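Worksheet: one structure, shown below.
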Amino acid sequence: MKDFHGKVAVITGAGAGIGRALALELARNGAHLALSGRNLDNVAETAALCEKEGATAKAYKLDVTDRAAVYAHAEEVVADFGKVNLVVNNAGVSLTANIEEVSWEDLEWIFGINYWGTLHGVKAFLPHVIASGDGHIANVSSMFGLVACPSQGGYSSSKYAMHAISDALRQEMIIAGYPVGVSSVHPGMIKTEIAWKARAAATRSRDDLAANFDRLAQTSPEDCAKVIVNGIRKNKPLILIGKDAKAMNIMRRLLGSGYMKPLTAQMRKEI
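Just so you know, the UniProt record's numbering puts 118 at position 118 of the sequence shown, and the rest follows in order with no gaps.
Below is the structure:
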């Protein structure tokens, strides 16, 4: 998808952060926008900002963990816009807890949004993206969808699963000869509020974790959005965002499973 002008883009988790920045970047590139999130007021604010950029944008309230609701949303978007070219499964949450201490409730919560939410979006919208004749699906994973980090087992495994869905789907689209590109998006630490909305084990301070995240995050949502749009335009299978994500990918490629030794050493220093 080299040109976004007149294309219909669906973005989940569009109320703030990467989702909002991406909506605005696509608006500036001439796309029509179907924006969703759990907080309709926040999504409506994003839609209004996109309209100021001259785009057609509509806000929808959506819980991506609700499979029936996502399928109904896909039909509603097609009814409202006539087609769907681009789907960005961006809705996501974070969780910090060791496997030993993490609760089943928190694991079900993070997989419900990150993994099942993405798969619901892929399955519900894929027929419409194929039918568009010029389509793309981008799933927003994480740098921890490239390497697994201590205390991030639940988060990493949900993001690894998103990466796997993307890679498998990309190959399937090529084999079938469908005009659909697929990208797995791997941001590093982006300056958003995700850490403040995260869950953490009872033994950990969520506020301390979030403050540390803010200290380390170097990439703005706006810069992140530009990289994503450029990656989609170039039909990249892997879109890496930030020096930290690129470093993780290099470490994974050079060291294989050996990446765990320096990462474990670094985490020991921070605990």
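Just so you know, even glycine gets a beta-carbon here, dropped at the ideal spot from N, CA and C.
Remember, it's a predicted structure, so these values are computed and weren't measured experimentally.
Would you say residue i and residue j are within 7 Å of each other, going by their C-beta atoms?
i	j	result
Asn114	Ser158	yes
Gly188	Asp223	no
Gly13	Ala91	yes
Ser141	His73	no
Ser184	Leu240	no
Ala225	Ala34	no
Gly17	Pro150	no
Val229	Glu25	yes
Ala120	Val64	Checking the sequence shown, residue 120 turns out to be His, not Ala. It is a contact, given that the beta carbons lie within the stated cut-off.
Val84	His128	yes
Val70	His32	no
Ala44	Ala57	no
Arg233	Lys2	yes
Tell me whether residue i sits in a helix, a strand or coil according to DSSP, three-state version.
i	result
Gly15	coil
Leu62	coil
Ser183	strand
Asn230	helix
Gly6	coil
Thr192	coil
Gly37	strand
Gln266	helix
Ala200	strand
Leu238	strand
Leu95	strand
Ala57	strand
Leaving out five residues before and five after residue i in sequence, what residues of the same chain have Cβ atoms less than 8 Å from its Cβ?
i	result
Val122	Val87, Asn89, Ile137, Asn139, Ile165 and Leu169
Val102	Leu95, Gly153, Gly154 and Ala201
For residue i, which residues in the same chain have their Cβ closer than 6 Å to its Cβ, ignoring the five residues on either side in sequence?
i	result
Ile194	Ser94
Which partner residues of residue i appear in the DSSP bridge assignment?
i	result
Ile137	Val87 and Val182
Gln218	None, per the DSSP bridge assignment.
Ala211	Beta-bridge pairing links Ala211 to no other residue.
What does a CB cutoff of less than 7 Å around residue i pick up in its chain, not counting 5 residues either side in sequence?
i	result
Leu107	Gly154
Glu172	none
residue 272	No information on residue 272 is available, as it lies outside the stretch 1 to 271 that the chain covers here.
Does any CB atom of chain D fall closer than 7 Å to the CB of residue i?
i	result
Ser103	The displayed structure is made up of one protein chain only, and chain D is not part of it.
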